[in-house]
């Protein structure tokens with residue numbers, strides 16, 4: 287499947303959908319690269335990216351976090367799938383250079399328990 291074309295942001299309807307489309311498309315494409323089974327689920331879903339964005343936008347109200355948007359998008363294509371969010375702060379700026387960086391120099395926080403899904 288041509289995911290670049292599938293996740294095109296041209297011609298999308300809805301203000302919220304248009305606002306969240308570029309980053310949601312990028313995230314979903316990244317997930318497809320990480321997990322071939324997820325890519326296959328999208329290919330076989332028969333669903334459009336517009337339908338995905340409509341699902342994500344439902345109940346968005348005045349705001350919608352990236353975490354919530356990506357989670358809803360993944361669930362749209364693969365019911366029961368859950369995203370695991372992890373953010374890291376590198377206090378000295380060399381974590382990318384040295385994968386063996388001392389754990390004390392990098393702080394990791396899981397946001398899963400903070401999100402209200």
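Numbering (our numbering), first residue to last: 287 to 403. Quick reminder that beta carbons are idealized off the backbone N, C-alpha and C, glycines included.
Exercise. Name the DSSP beta bridge partners of residue 378, please?
Worked result: DSSP links residue 378 through a beta bridge to no other residue.
Problem set entry | Cβ separation of residue 300 and residue 350, assumed to be a contact under 8 Å, to the nearest whole Å | Separation of the CB atoms of residue 300 and residue 350 is rounded to 12 Å, and the pair is thereby denied contact status at 8 Å.
Exercise. Once you ignore the five residues that flank residue 295 on each side, which residues in its own chain have a CB closer than 6 Å to its CB?
Worked result: So the qualifying residues of the chain are 307, 308.
Problem set entry | the stretch 317–328 / the stretch 339–348 touching (three or more Cβ pairs under 8 Å) | Touching, no, given that fewer than three Cβ pairs across the two stretches are closer than 8 Å.
For this session: Would you please state the rounded distance, in angstroms, between the beta carbons of residue 335 and residue 292? I believe it to be under 8 Å.
Result: Contact between residue 335 and residue 292 is confirmed by a C-beta separation of about 6 Å, below the 8 Å threshold.
For this session: Could you tell me which residues DSSP pairs with residue 326 in its beta bridges?
Result: Looking at the DSSP output, residue 326 shares a beta bridge with no other residue.
Exercise. Roughly how many angstroms lie between the CA atoms of residue 380 and residue 371, to the nearest whole one?
Worked result: Annotation: residue 380 to residue 371 spans about 22 Å, alpha carbon to alpha carbon.
Problem set entry | Segment limits, alpha helix (DSSP H) that includes residue 288 | From DSSP, residue 288 is part of no alpha helix (DSSP H); its letter is neither H nor E.
Exercise. Where do the N-terminal and C-terminal ends of the alpha helix (DSSP H) with residue 369 fall, by residue?
Worked result: Neither: residue 369 is in no alpha helix (DSSP H) and is coded neither H nor E.
Exercise. Do residue 310 and residue 348 have their C-beta atoms within less than 9 Å of each other?
Worked result: The answer is no: Cβ separation not under 9 Å.
Problem set entry | Cβ shell of residue 304 (< 6 Å), same chain only, five flanking positions each side left out | Scanning its chain for C-beta atoms nearer than 6 Å, with the 5 sequence neighbours on each side dropped, one finds around residue 304 the residues 298, in chain order.
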